[in-house]
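Heads up: the structure comes next, in structure tokens.
Protein chains: 2
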Amino acid sequence: MSTNSREAILAAATDIAQAHGYGGMNYRELASAVGIKAASIYHHFPSKADLGAAVAKRYWETTASDLEALLIETGDPTRALQAYSRIFRRSLERENRLCLCSFMSAEYDDLPDAVKTEVQAFTDVNVDWLARTLAAANGSRVEANAAKARAIFAAVAGAQLLARSRADISVFDALIESYRSSGLIAA
Amino acid sequence: MSTNSREAILAAATDIAQAHGYGGMNYRELASAVGIKAASIYHHFPSKADLGAAVAKRYWETTASDLEALLIETGDPTRALQAYSRIFRRSLERENRLCLCSFMSAEYDDLPDAVKTEVQAFTDVNVDWLARTLAAANGSRVEANAAKARAIFAAVAGAQLLARSRADISVFDALIESYRSSGLIAA
DNA sequence: TGCTACCTATCGAACGTTAGGTAGTTGCAC
DNA sequence: GTGCAACTACCTAACGTTCGATAGGTAGCA
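Just so you know, the protein sequences line up as chains R and E, in that order.
Okay, so the first sequence: first residue is 1 according to our numbering, each after it adds one.
Okay, so the second sequence: first residue is 1 according to our numbering, each after it adds one.
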């Protein structure tokens with residue numbers, strides 16, 4: 001089916017992009033992961049830029065719903081904040097993969113404009129959720145938590161990047177623990 | 001001269017790698033930046049892996065001496081810590097470039113082993129300096145500051161990455177300020 | 001003579017992309 | 001309910017470009 005193939009391409013492309021970036025996302029490897037030929041991808045996406053934008057869009061949409069699920073699952077904002085870093089930990093668990101948005105932020109200069117837009121949307125989704133949840137946890141206004149939200153997002157992304165460069169997930173855990181003890185993120 | 005050409009290649013390659021990564025560091029563009037032809041690079045470096053390793057090695061060596069200079073220049077450890085993030089800010093000032101080590105950490109999976117080693121050395125140089133300087137600032141043992149040193153390094157790298165994705169250096173400044181107010185880095 | 005520091009020309013592989021073809025299904029006129 | 005046109009989802013084959021890398025040559029200097 002058309003819809004399933006499109007989704008299979010997006011899922012495989014996401015996996016590749018989290019390990020090798022937008023530049024490392026090549027059609028022959030991607031097609032073989034899906035079980036089709038490279039030319040067939042053009043039946044679903046008109047160009048690599050369109051595919052990249054679709055991948056990044058799907059990525060932030062998934063993250064947005066994961067974050068909402070986290071709020072419901074934990075039951076309260078403080079517990080949700082404590083669990084936030086687990087979303088980034090999960091990437092490392094899957095063969096030391098990086099957040100798609102972090103990788104593409106590094107590749108920023110070489111990204112098509114449509115992809116840049118979706119990468120920025122991922123940051124916005126995270127920062128907005130963090131600001132909202134921080135506000136709910138301490139009873140303050142959302143806008144008053146924007147700076148802190150950005151700081152948490154950047155710090156967790158940095159921790160993931162460092163852990164990846166050591167191929168050691170315990171480095172990530174130790175960094176999150178340091179952030180906690182210094183008061184950057186919720187204890 | 002041989003020595004000057006080698007240095008010119010390394011300097012130009014560093015600039016390219018900070019903007020486009022190891023994968024985006026191509027011989028034709030690099031050669032034209034130096035003012036020679038692509039094939040001539042092989043007179044100085046036997047392969048791209050060797051060049052990449054030399055670039056990363058020179059990068060951490062430069063950073064190591066910059067950090068020692070910072071200690072001498074500021075006169076005391078606390079002031080040196082306050083100024084630490086300026087080293088990362090300087091990359092962003094130069095056409096929104098990223099720390100070479102951050103970019104290569106993202107590209108980790110596709111890096112030749114010799115390059116991986118030098119990338120990790122960069123982290124070690126930073127973390128060692130931070131741990132040493134934190135210890136000097138608060139009169140504690142170096143080993144007791146290792147975790148905090150890593151946390152500062154990761155957080156500053158994350159701030160640089162986020163600022164790059166917005167092509168906005170004020171995002172970096174705001175993040176460093178947030179880190180200060182939350183107590184992660186020295187006020 | 002031999003070394004250094006480059007050059008031109010080219011290699012094979014990989015890249016995104018396109019042209020054009022082929023099964024299988026669907027929809028509709030008769 | 002049969003025939004056929006149109007469409008979907010793929011295919012093979014190849015395009016032009018770019019990549020890192022190599023072979024072999026040359027000018028200048030010791």
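All C-beta atoms, glycine included, are put in the ideal place defined by N, C-alpha and C.
Residue-level contact to chain E via CB, residue i, 9 Å cutoff
i: G139/R; result: no
i: S2/R; result: Note on S2/R: pLDDT 46, under 50, position unreliable in the model; the coordinate value appears next. Cβ-Cβ to chain E under 9 Å: no for S2/R.
i: A151/R; result: yes
i: K148/R; result: yes
i: A19/R; result: yes
i: G24/R; result: yes
Opening and closing residue of the alpha helix (DSSP H) in which residue i lies
i: Y84/R; result: First-last for Y84/R: undefined, no H or E at that position.
i: M104/R; result: L100 to A106
i: N96/R; result: Element bounds for N96/R: n/a, residue is neither H nor E.
i: E118/E; result: D113 to N138
i: G23/R; result: Neither: G23/R is in no alpha helix (DSSP H) and is coded neither H nor E.
i: I152/R; result: A146 to R166
Assigned secondary structure, residue i (DSSP; H/G/I helix, E/B strand, else coil)
i: L184/R; result: coil
i: D76/R; result: coil
i: R141/E; result: coil
i: S178/R; result: helix
i: H44/R; result: coil
i: K57/E; result: helix
i: I9/E; result: helix
i: G52/E; result: helix
i: I36/E; result: coil
i: S2/E; result: Residue placement at S2/E cannot be trusted, given a pLDDT of 47 that sits under 50; what the coordinates show is reported in the next sentence. Three-state DSSP puts S2/E in a helix.
Proximity winner among the options, relative to residue i (alpha-carbon distances)
i: A19/R; options: T123/E, D109/E and Y179/E; result: D109/E
i: A17/R; options: I36/R, Y84/R and A106/R; result: A106/R
i: L175/E; options: V115/R, K57/R, A121/R and A154/R; result: A154/R
i: V55/E; options: A114/E, R86/E, A33/E and R94/E; result: A114/E
i: D50/E; options: L111/E, W60/E and S85/E; result: L111/E
i: G21/E; options: P46/E, V127/E, V119/E and G35/E; result: V119/E
i: A146/E; options: D173/E, V125/E, E68/E and S91/E; result: V125/E
i: S182/E; options: A149/R, R166/R, F172/R and L161/R; result: A149/R
i: C101/E; options: D173/R, R6/R, R79/R and L162/R; result: L162/R
i: I72/E; options: F172/E, T133/E, T117/E and R90/E; result: T133/E
i: L92/E; options: D168/E, R180/E and A186/E; result: D168/E
Min CB distance residue i to chain R below 9 Å
i: E118/E; result: no
i: V156/E; result: yes
i: T254/E; result: Summary: the structure shown does not reach residue 254/E, with chain E confined to residues 1 through 187, and so no result is reported for it.
i: G52/E; result: no
i: L130/E; result: no
i: S165/E; result: yes
i: L161/E; result: yes
At a CB distance below 8 Å, what residues from the stretch 88-112 of chain R approach chain E? Give them in sequence order.
N96, L98, C101, S102, F103, M104, S105, A106, E107, Y108, D109 and D110
If you measure beta-carbon to beta-carbon, which residues of the stretch 172-183 of chain R are closer than 7 Å to chain E?
A174, L175, S178, Y179, S182 and G183
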